[in-house]
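*Asks:*
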Amino acid sequence: MFAFLGRLVTRHSLWVVAAWVAFAGIAGAAAMTGLGGTPLFSKLETGQPTIPGSDSAKVDNFIFSSSTGVATLLAVEGAELDDPDAVKSLHAKVSSYRARIATIHGVDEVQDPFQHPFGPLQPEVEMLVSEEQDAFLVRVVLSNKLGNETEDLAEARVERLLEDLGDEIVAADKAESATVTSASILMNAVNHQMEADLVRGELIALPISLLVMVIVFGGMLAAGMPIIGALASILAGLGSIWGLSFVMELDSVVINVVTLLGLGLSIDYGLLVVSRFKEELQRIIDTTSSENVLQFDGPSRRDPLVHEAVAATVACAGRTVVFSALTIAISVAGLIAMPSSLLKGLGTAGSVIVLVALLTAITLVPAVLTLTGRRFLKPPLLSRLPLVGPVVGRLGGVPPETGAFSRLATGVQKHPWIVMAGCITVLLIAAWPASNIHLRNSGVDVLPAGSAERQAFELVGERFPAFAQADVWIVPVERRLDETALTNVAEQLEAVDGIDSVDEPVELDGSPGRVMLGLRLEDGITPDSREAVSIVRDIRATEFDSPIYVGGQAAGQIDFGASLVKGLPIAAGMVIVATFILLFLMTGSVLVPIKALLTNALSIAATLGITTWVFQEGHGSGLLGFDSPGGLESYVVAIVVAFGFGLAMDYEVFLLSRIKEFYDKGMSNDEAVVRGLQGSGRIITSAALVIIVVFAGFASGELVAIKEAGFALAVAVALDATLVRMLLVPATMTVLGDLNWWAPKWMKPIADRFAIKH
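Residue 133 in full-length UniProt numbering is what sits at position 133 of the sequence shown, and the numbering runs on without skipping anything.
#1: In whole angstroms, what is the alpha-carbon distance linking G422 and A606?
#2: Tell me the rounded alpha-carbon separation between P465 and R725.
#3: Are the Cβ atoms of residue 774 and S252 separated by less than 8 angstroms?
#4: Taking the beta strand (DSSP E) that P476 falls in, what are its first and last residues?
#5: Please state the DSSP three-state secondary structure of I499.
#6: According to DSSP, is D509 part of a helix, a strand, or is it coil?
#7: For a quick check, are the C-beta atoms of A222 and K278 less than 8 angstroms apart?
#8: Where do the ends of the alpha helix (DSSP H) carrying S668 lie?
#9: So, are the CB atoms of M420 and A672 less than 8 angstroms apart?
#10: Does the Cβ-Cβ distance between V140 and V158 come in under 8 angstroms?
#11: Which residues does DSSP pair with Q111 in a beta bridge?
#12: Beta strand (DSSP E) containing R520: first to last residue?
#13: Considering only DSSP beta bridges, list what A71 is partnered with.
#14: Which residues bound the beta strand (DSSP E) around G178?
#15: Could you give the first and the last residue of the continuous alpha helix (DSSP H) run that contains V273?
#16: Tell me which same chain residues have a C-beta within less than 7 angstroms of the C-beta of F114, skipping the five on either side of it?
#17: Can you find at least 3 beta carbon pairs, one from the stretch 233-248 and one from the stretch 614-633, that sit closer than 8 angstroms?
#18: What is the DSSP secondary structure of H758, reduced to helix, strand or coil?
#19: Can you have a look at residue 760 and say buried or exposed, based on whether 16 or more other CB atoms are within 10 angstroms of its CB?
#20: Is the beta carbon of V717 closer than 8 angstroms to that of F645?
#21: Under the three-state reduction of DSSP, which class applies to residue 761: helix, strand or coil?
#22: Can you check which of these residues, V550, L517, I558, P366, is closest to R530 by C-alpha distance?
#23: Per DSSP, V129 is paired with what?
#24: When the Cβ atoms of the stretch 51-65 are set against those of the stretch 330-342, are three or more pairs found closer than 8 angstroms?
#25: If we count the other Cβ atoms within 10 Å of its Cβ and call it buried at 16 or more, is R675 buried or exposed?
#26: Under the rule that 16 or more other beta-carbon atoms within 10 Å means buried, what is I429, buried or exposed?
#27: How should A102 be labelled, buried or exposed, when 16 other C-beta atoms within 10 angstroms of its C-beta is the threshold for buried?
#28: Measuring alpha carbon to alpha carbon, tell me which of L355, F643, L206 ends up nearest L689.
#29: Could you check what DSSP says for R440 in three-state terms: helix, strand or coil?
#30: When the Cα atoms are used, what is the spatial distance from L521 to L260?
#31: Rounded to whole angstroms, what's the CA-CA distance from A648 to D720? Just pull it up for me.
#32: Between P39 and T33, what straight-line distance do the alpha-carbon atoms span, to the nearest angstrom?
#33: Measuring alpha carbon to alpha carbon, tell me which of I336, T685, G737 ends up nearest M667.
#34: Going along the chain, which residues of its own chain have a beta-carbon closer than 6 angstroms to the beta-carbon of I691, five neighbours each way excluded?
#35: Give every residue of the same chain whose Cβ lies closer than 8 angstroms to the Cβ of T402, excluding the five residues on either side of it in the sequence, and list them in chain order.
#36: Put L703 into one of helix, strand or coil per three-state DSSP.
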């Protein structure tokens, strides 16, 4: 089947390349420009992950349905509101802009402290003035009955006028600073930072990846093949996600994470295909005696030796890539079983990206190889350099039958039990910090601490308490509670340890007869902390005279964590069963898939432990450039488990495919392990190095959540490609011996019949 695909690609190589250029170009244009519609980054959602039907989601819905229209704030600091001359000047400027803003279609209300006839320091407008009387707010509220386009247009005009007002006030030396903030400004800031981090990650990852592959392959020609596949994969993947955005909501984090995965995998698969092509082309030339064939002078796309080498490459490496991509896609698709819409979006988009990377590896890269042909066998320019040449010759050539990796495997086989015990011990120690993991959902703190948008939002909360969000929200389940019942609820809430105060009830306009209470936590307790989570658990464990819904950041974290626990059996079961079946069809063994699942689970646990130690406990925060948030982003943990497990299977498939290849040729188990590690070790190491570079490039971004994901996945690959694949797997396969390939008699016909053949 795969040999047929290889021959098909070689016969139509120009058409395949042209089709990919057209598809990638159109897909990339669609994602970036929207083709006359809305571009991808403008269609993305931003916010805390919610679980439909949970208490926290119900409270969010009550608040959203009952809120006024969009509110935009201008926060002015350093004003002298006790100076009559300054107040007079500010009054004139603010009044002028107030009149202009009020004429904008859709504006419902304009609030500022200078509307009061007796000045800005009167009790009636005190909520718009800071306690120190050196800062004030201008608040513009839009109607909540506007359509999306009208609302966006009105909000943009309001923002522009408020920015102009702030600039004039500062320019006239009537204040030190003036900043505009709103929910949409914060959301746009997150999306823009996501986009900037994406570009930054790619600009770092692609050149360094190319450099690594130049060293691995010994020249630009071979090194460029995986990059071509990666570029096509990125553009096609972004276009595919743009298409998905029409049928499902996608969070902004989806783009960075799945692009991260797609870029790494497409380079990974390209490395494998190019390396195998060089090996097959050299083998065919060495075993061909016909001078006419050896001295073929026609175009590369008609070269029979190149055709044969590409067909053999797709038959072997293509099969490996398909198995690898399917196992990763299945692992990522496990997220679809989770209740969270964010994780469903990640699972869907991630699976699509993996399949795009697969298609580029088994069609585009072989087609380009067909067009370049025997030029791969020419000594690269680097090989002529005095000091670099010998290194390039060793790395860029076809792997010999014996070498560093075969010696490593032989050394492991001398003491397999010791090596196995040592690896497991190291992984368990690395996993230990994960036993104290704290899952959190970021709010505005998802933005960097130095972000102007975040600072403006935090300024409003600190200087103007009336506009500060409550730490916890309470909504009684019953409508129209009388005053006595509400008082009882408030008193019971105040009795909970950690609660500082309970706000006065606020009527929810969108839910007639229902009210909401805001809770303020004691000083030093942040809304996302362990203490806040403990307080919410205590509230939910309290038997109130009238039942309540509990919402807010901590409540959302609890509900999200509970959803992970609830969805885990289905997601894990789906991934385990599907992965077992695929590895069984690949190897014909029952024990090899079980062993792979166990070692990969141990590797992921170690990854989570190291990531917890770094980001939650703050070790290395200065080196990596972040302030410890005190926990791990909850959805990042799900990403690391799903994507990391898939990537671990990627290298498992790379290694097992070569070991099985030699075992099927009649070699003993131990000899097949040695030859398999020697044949795949360089590719696994090189591919891992490249994908670590890709992930590290994204870890250099500003958003801590993306930094966590990039770092964790880089650690997962590093652990798996070294400790697990190079030591633990050879040790366990040596201990099991021929039992590695055992399966019940009734299962062998199934493997023979349904195995995916070359």
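C-beta: ideal position from N, C-alpha, C; glycine also. Just so it is clear, the structure is predicted and the values come from calculations on it, not from any experiment.
*Replies:* According to the data block:
#1: In a straight line, the C-alpha of G422 is about 14 angstroms away from that of A606.
#2: About 56 angstroms.
#3: In this structure the chain extends from 1 to 758, so residue 774 is not present and cannot be described.
#4: For P476, the uninterrupted beta strand (DSSP E) run begins and ends at 472-476, by DSSP.
#5: strand
#6: Looking at D509 - three-state DSSP - the assignment turns out to be coil, as it is neither helix nor strand.
#7: yes
#8: First-last for S668: undefined, no H or E at that position.
#9: no
#10: yes
#11: R139
#12: In the DSSP assignment, R520 falls within the beta strand (DSSP E) that extends over 515-521.
#13: For A71, which the question treats as bridged, DSSP gives the partners V141.
#14: With the sequence shown as reference, residue 178 is identified as Ala, and Gly is not the correct amino acid for it. Here the beta strand (DSSP E) through A178 covers 177-182.
#15: 252-287
#16: L90, H91, V94, S95, P120
#17: no
#18: Confidence in H758 is poor, its pLDDT being 45 and thus under 50, which makes the residue's placement unreliable; the coordinate value appears in the next sentence. Here H758 sits in coil by DSSP.
#19: Here the chain has residues from 1 to 758 only, and residue 760 is not among them.
#20: No, the pair does not count as a contact, with Cβ atoms beyond the cut-off.
#21: Outside the shown range of the chain (1 to 758) lies residue 761, about which nothing can therefore be said.
#22: I558
#23: F136
#24: When C-beta atoms of the stretch 51-65 are compared with those of the stretch 330-342, three or more pairs fall below 8 angstroms, so the two segments count as touching.
#25: By the neighbour-count criterion, in which 16 or more other beta carbons inside 10 Å mark a residue as buried, R675 falls on the buried side.
#26: I429 counts as exposed, since fewer than 16 other C-beta atoms from the protein chains shown sit within 10 angstroms of its C-beta.
#27: Burial check for A102: the Cβ neighbour count within 10 Å stays below 16, so the residue is exposed.
#28: L206
#29: DSSP places R440 in strand when its eight states are reduced to three.
#30: 38 angstroms
#31: 6 angstroms
#32: One C-alpha to the other measures close to 5 angstroms.
#33: In terms of CA proximity to M667, G737 leads the group I336, T685, G737.
#34: When the five nearest sequence neighbours on each side are left out, the beta carbons in the same chain lying within less than 6 angstroms of the beta carbon of I691 are those of G264, D268, V717, in order along the chain.
#35: Q678
#36: Reduced to three states, the DSSP call for L703 is coil.
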